[in-house]
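Novice: Read top to bottom, the protein sequences are chains A and B.
One point on numbering: in our numbering, the residue at position 208 of the first sequence is 208, and numbering is uninterrupted.
To convert, take the position in the second sequence, counting from 1, and add 1000; that gives our numbering.
I have a structure here, written as structure tokens, and I will follow up with some questions on it.
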Amino acid sequence: MTSRLPPQPGEWINREQPLDFQFEGVSYQGFTGDVLSSALWANGVRVLGRSFKYHRPRGIYSLANHDANALVSVGSRTNLRADCLPLEANLQASAVNTLGSVSRDHLAIMDRFSRFLPVGFYYKAFHTPRRLFPFYENQMRKVAGLGRIDPQYREAATAKQYDFCDLLIVGAGPAGLSAAVDAGERGLRVILVDENPHPGGSFTWQWRRHAEALERCEQLLNRVHALDNIDLRVGTLAAGCYSDRWVALFDQQRMTKLRAAAVLVASGCFEQPAVFQNNDAPGIMLGSAAQRLVHRYAVQPFSQGVILGANRDAYRLASDLTTHGIDVTAICDLRPEGESSPAGTRVQELGIPIYRGYTIYQAETRRRGTQLTGVIACPLDRQGDTQPQAGLSLPCDGVAVSVGWAPDAGLLYQAGARFQYQSAVEQFVPHTLPPGLFAAGRVNGIFSWADQCIDGQRAARAAAIHLGHPDITEIPTLTHQGTPPSHPYPIFPHPEKHNFVDFDEDIHLADFKNAHQEGYDNIELVKRFTTVGMGPSQGKLSNMNAIRILARQNNATIDATGTTTSRPFQHPVPIGHLAGRRFHPLRRTPLDAWHRQAGAQMAHAGAWLRPEYYGAADERAQSILAEAEHVRQRVGLIDVSTLGKLQVTGPDAAEFLERIYTGRFQKQSTQRLRYGLACDETGTVLEDGVIARLAHDHFYVTATSGGSGSFYRELLRWRQLFQLDVQISNLTGQLAALNLAGPDSRDVLKELTCIDISGEAFPYLGVRVGTVAGVPATLMRVGFVGELGYEIHVPASSAVHVWEQLCETGRPFGLKPFGVETQRLLRLEKGHLIVGHDTDALTYPAEADLQWAIAQNKPFFVGSRSLEILQKRPLMRKLVGFRLKDTEDKPFPEECHLILDGETIVGRVTSIARDSTLKHPIGMAFVEPRLASPGSPLAIRTAPGTTVTGEVCSLPFYDPDNLRQQ
Amino acid sequence: MKILTCPLNGPRPIQEFHYGGEFRPPLDPAQLNDADWGQEVHHRHGEPGVKREWWYHTASGTWFIAERDNLQDRVIQTYLYTPERGND
């Protein structure tokens, strides 16, 4: 290990636990607590990855989870960031997107062509001719791309966790820890998250040698651990903030959907690069990255380094590195005045040469760019332009860049915060925050650790006040003191064009010039044309410089230039954490188990699971037909518990129903049923069912299986609008419903009920309340399937008992259960339409021959005014029955197949059955009115394109005089 | 994910609610000509700003009106419908 420093206080590595691992097939050793980048750097490896487009060698740059050029694959996981990938025993990692190896990538040839590949080149060069684009695209994707997906990847459903707290604090640095302690001591339930494996934030790298800061850090951490109401979660990333402070938290295991009453963002800043020639060479890194290497992982970032600085942090960094035996060759300070604070004096005392008003003009490398040998520094004139002719050469194997910061503001933007550019800090700082959202620390433009602690307390108190805690002394807002921590324009042109603004996407300064020449003068457009900020790190290291460049090009202020939109997630998250189980509501009738035991084929019908028929899966057609024949000839029993069952009571119940349905109910006799048809306001058929009057102010209403939920909801709305004295209860789940149908049904039922069910005592369309099999039941005589039949409504808990009693009693009569497919066939034979199946979103009653259900001279019902208008117009289509002839050997039409007149569409099939008890295929269809009279031929186009001829016939097909159900 | 305040049940997550469309004060159909009635049942105002909307709290079966500023993604107030409040 060449670059490992002696043990550092507070280091994150455990030297007792060395680990063997492999990178690109070569074995190395690191320690538990290392990340892959730090362990490789400690082993002297400098090329950790290749850039996306030009395959340039890249090393550590931020060491803060933004090194999007050091992506590796481990097993089937890919695009893992080496700078946050924890080292594990026998980890086998390889770089993504290389041909050969990361150290000798044959695709590096791309870099030679880079001058011919300006931004926008692909759009222009490869889109003509269009037909060749797929070929070009395929070739380009091989060259420019990231990790390969393993198609053998094993799917894993990841459970989500839900959580709640009073105050979520994002970031456990000086501000976040102080805020947590202040809020925790007030008794707030605090969740404190930090993406790093250890809390402390900048305490753990920037202020490690500062005794007072370290002591404060210890105190704060002790309090955080001591307070039970502070839940510290390290290794947890707050990646998205949605409406009303719903925050997505990610850790290694899962996503947590957190609802916080208040959110305090103390996420800090991203240190920002300077733009100069070859600013991407391995060994050039942010000052904060160098300090993270030293203090967290005890790794020497370089042995002889140049610091490019523009703030006090650069001078602190110089002292810090010197203390650790790193030779700081020089500081190039972009500011002509340099640093006058004690930090500056200390560096002078150390004898480090300081070049004030200098920048690094270019970095020099050898071995195809993989090894940094030095930099050329040059003075800046009064306009800040480089003077390369006065350049001087500084040998070094590393550069630390400390020229400025940009706020980690994604969550704040997503939550609706507005930012303003403050020249006192040369940074965007929150200007207005939505209620319940707070910001503190560096993201808020506060840069000294002591002030950050105060700012954290200030924000925590503001949050507590927001949450209604009384008697809190507010802390006044702080402002930054001293020179700005960021330079307004750390960007320097170079004729060779390898001065990168965006490392993710290999975008250099000249690309912005091109974009501007093409007329892209808006930040959102520049982003899309150049793709700046569209790489894996989402512009965390490039957006700010891009804004500065564009502002200068437009001769506009930073505020006027604006920022791109921040969207969740602000950091990539494993897609497996998002995927997972989907929850669909599923309803089973009380007889579900019985059906399965009886060999029913179950099918989904809306939210319900229902038996289609009873029998083998490969005997579908004959089973359905056999069940239908049996009902027609003897007796069958079907579970219709899915029917909507509503109770409407109260003095205004009849009036209410008259306003909802098209028929009349005021004079309906008790113990009688009426058909009910309901429309919506536009006159479209919405629902149908039967309405039983049990008492003067008590109605029992059935509704369709699929539509009853939304119909019930609409009834509640109309009740509020009408302001009538009526109560509506949805009994759908409380009650089961069984339909006993067939010529022998009366003989079966009479054995089990106390009610006189003789034809005289209980006629067709009657309703009776009594008992069946000893259970309270409501009996309704309906022509459900066109036979003598009884609908039996009983409490759901008694459904199995009643069903089994009916089966038992019915055995001498050959009673058989039948399924919903059989029911549909039987109802089709009777010409009963299914609302929502044979009707659509525009069907009004006259189209479906339902005029008879509309009461004449009724002053009002929902839809009446619209129907009045519609009735003045000619019918455009009509629902008719049809039969098919000679379908043998021809493809059979299906629902929704078109009816054609020549090439003109004149209708469509809504329902169809191949086998019926009528011995020939039947169906229903919408057709133009001129084709609606019985005998009209219908040309039905089937899926393979052949035409089948049908013939319109009058409805119902079966028992047209309704003799059997009476 | 939003929180909406049901006038009866207090603040609840948005999944518990069903959107019921734009609230329009009920009109007397007899007072409108055919064209105006067509507008009434088919036309909805789409322009952004403060909207009055029907919302339904599914768990409790409560319909209410929400005044919502969809430009600022902010619910101004929610209340139960009464003829006095609804028709102003």
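Glycine residues also receive a C-beta, built at the ideal position from the N, C-alpha and C atoms.
Can you name the residues that DSSP bridges to A:Leu19?
Specialist: A:Gly30, per the DSSP bridge assignment.
Novice: Answer yes or no: does any C-beta atom of chain B fall closer than 8 Å to that of A:Arg865?
Specialist: It does; some Cβ of chain B falls within 8 Å.
Novice: Shorter than 8 Å from the beta carbon of A:Glu894 to some beta carbon of chain B?
Specialist: Chain B contact via Cβ: absent.
Novice: Starting from A:Glu655, trace the alpha helix (DSSP H) both ways and give me its first and last residue.
Specialist: Where A:Glu655 is concerned, the enclosing alpha helix (DSSP H) stretches over Ala653 to Ile660.
Novice: Of the choices A:Arg883, A:Pro956 and A:Ala239, whose alpha-carbon is the least far from that of A:Ala939?
Specialist: For A:Ala939, the nearest C-alpha among the options comes from A:Arg883.
Novice: What is the rounded straight-line gap between the Cα of A:Met1 and the Cα of A:Gln29?
Specialist: Residue confidence is low: A:Met1 scores 47 on pLDDT, short of 50, so the model does not pin down where it sits. No coordinate-derived value is stated.
Novice: At which residues does the beta strand (DSSP E) containing A:Pro379 begin and terminate?
Specialist: Segment Gln371 to Pro379, the beta strand (DSSP E) holding A:Pro379.
Novice: Compare the C-beta of A:Ile869 against all C-beta atoms of chain D and say whether one is closer than 8 Å.
Specialist: Looking for chain D here will not work: the only protein chains present are A and B.
Novice: Distance cutoff 8 Å, beta carbons only. Does B:His1045 sit that close to anything in chain A?
Specialist: Judged by the 8 Å Cβ criterion, B:His1045 is not in contact with chain A.
Novice: Is it buried or exposed for B:Leu1071, if we count other Cβ within 10 angstroms and need 16 for buried?
Specialist: With fewer than 16 other Cβ atoms within 10 Å, it is exposed.
Novice: Helix, strand or coil for A:Ala248? Go by DSSP, reduced to three states.
Specialist: Three-state DSSP puts A:Ala248 in a strand.
Novice: What is the DSSP secondary structure of A:Pro776, counted as helix, strand or coil?
Specialist: Three-state result, A:Pro776: strand.
Novice: Locate the beta strand (DSSP E) running through A:Leu99, then write down its first and last residues.
Specialist: It is not in any beta strand (DSSP E) - A:Leu99 carries neither H nor E in the DSSP assignment.
Novice: Mind reading off the beta-carbon distance from A:Ala310 to A:Leu334? Whole number of angstroms is fine, and I expect it under 8 Å.
Specialist: The pair is a contact, with the Cβ atoms about 4 Å apart (cut-off 8 Å).
Novice: Report the three-state DSSP secondary structure of A:Met1 (helix, strand or coil).
Specialist: Note that A:Met1 scores a pLDDT of 47, beneath 50, so its modelled location is shaky; the value from the coordinates is reported in the next line. Note: A:Met1 maps to coil in three-state DSSP.
Novice: Between A:Ser758 and chain B, is the shortest Cβ-Cβ distance under 8 Å, so that the two count as touching?
Specialist: Cβ-Cβ to chain B under 8 Å: no for A:Ser758.
Novice: Straight-line CA distance for A:Gly709 to A:Tyr700?
Specialist: Rounded to whole angstroms, A:Gly709 to A:Tyr700 spans 16 Å at the Cα level.
Novice: To the nearest angstrom, how far is it from the Cα of A:Leu643 to the Cα of A:Ala68?
Specialist: Roughly 58 Å between the two C-alpha positions.
Novice: What are the start and end residues of the beta strand (DSSP E) that includes A:His698?
Specialist: Counting along the chain, the beta strand (DSSP E) containing A:His698 begins and ends at His698 to Ala703.
Novice: Under a CB-based cut-off of 8 Å, is B:Gly1020 close to chain A?
Specialist: Closer than 8 Å: yes.
Novice: If you follow the beta strand (DSSP E) that A:Tyr675 is in, where does it begin and where does it stop?
Specialist: Segment Arg672 to Cys679, the beta strand (DSSP E) holding A:Tyr675.
Novice: Count Cβ pairs between the stretch 13-27 of chain A and the stretch 266-285 of chain A that sit closer than 8 Å; are there 3 or more?
Specialist: Because the criterion of three Cβ pairs below 8 Å is not met, the stretch 13-27 of chain A and the stretch 266-285 of chain A do not touch.
Novice: Just the Cα atoms here: how many angstroms apart are A:Asp521 and A:Cys241?
Specialist: Computed Cα separation, rounded: 30 Å.
Novice: For A:Ser916, which residues in the same chain have their Cβ closer than 7 Å to its Cβ, ignoring the five residues on either side in sequence?
Specialist: Closer than 7 Å at the Cβ level, and outside the excluded window around A:Ser916, lie Leu825, Glu829 and Ile922.
Novice: In the stretch 710-737 of chain A, which residues sit with their C-beta less than 7 Å from some C-beta in chain B, listed in chain order?
Specialist: Residues Arg713, Leu716, Arg717, Gln720, Leu721 and Gln723.
Novice: State the DSSP-derived secondary structure class of A:Cys953, mapped to helix, strand or coil.
Specialist: Residue state, collapsed to three classes: strand.
Novice: For the alpha helix (DSSP H) that contains A:Cys754, what are its first and last residues?
Specialist: Segment: none, A:Cys754 is in no alpha helix (DSSP H) and carries neither H nor E.
Novice: Indicate whether A:Ala406 and A:Leu437 have their beta-carbon atoms separated by less than 8 Å.
Specialist: No, Cβ-Cβ distance for A:Ala406 and A:Leu437 is not below 8 Å.
Novice: Taking A:Val690 as the reference, which of A:Ser798, A:Val782, A:Glu787 and A:Ser303 has the closest Cα?
Specialist: The shortest C-alpha separation from A:Val690 is found at A:Val782.
Novice: What would DSSP say about A:Phe419, mapped onto helix, strand or coil?
Specialist: Looking at A:Phe419 - three-state DSSP - the assignment turns out to be strand.
Novice: Between which two residues does the beta strand (DSSP E) carrying A:Leu237 extend?
Specialist: Leu237 to Tyr242 is the extent of the beta strand (DSSP E) around A:Leu237.
Novice: Provide the residue(s) that pair with A:Val328 in DSSP beta bridges, ordered along the chain.
Specialist: The partner list for A:Val328 (beta bridge, DSSP) reads A:Gly305.
Novice: What are the residues that DSSP puts in a beta bridge with A:Met876?
Specialist: In the DSSP output, where bridge partners are listed per residue, A:Met876 has none listed.
Novice: What did DSSP end up calling A:Glu11 once you bin it into helix, strand or coil?
Specialist: Note: A:Glu11 maps to coil in three-state DSSP.
Novice: Name, please, each residue of chain B whose Cβ falls closer than 9 Å to the Cβ of A:Ser243.
Specialist: Simply Met1001, Lys1002, Ile1003, Ile1014 and Asp1073.
Novice: List, in chain order, every chain A residue whose beta-carbon is nearer than 8 Å to that of B:His1042.
Specialist: Those are Thr682, listed as they occur along chain A.
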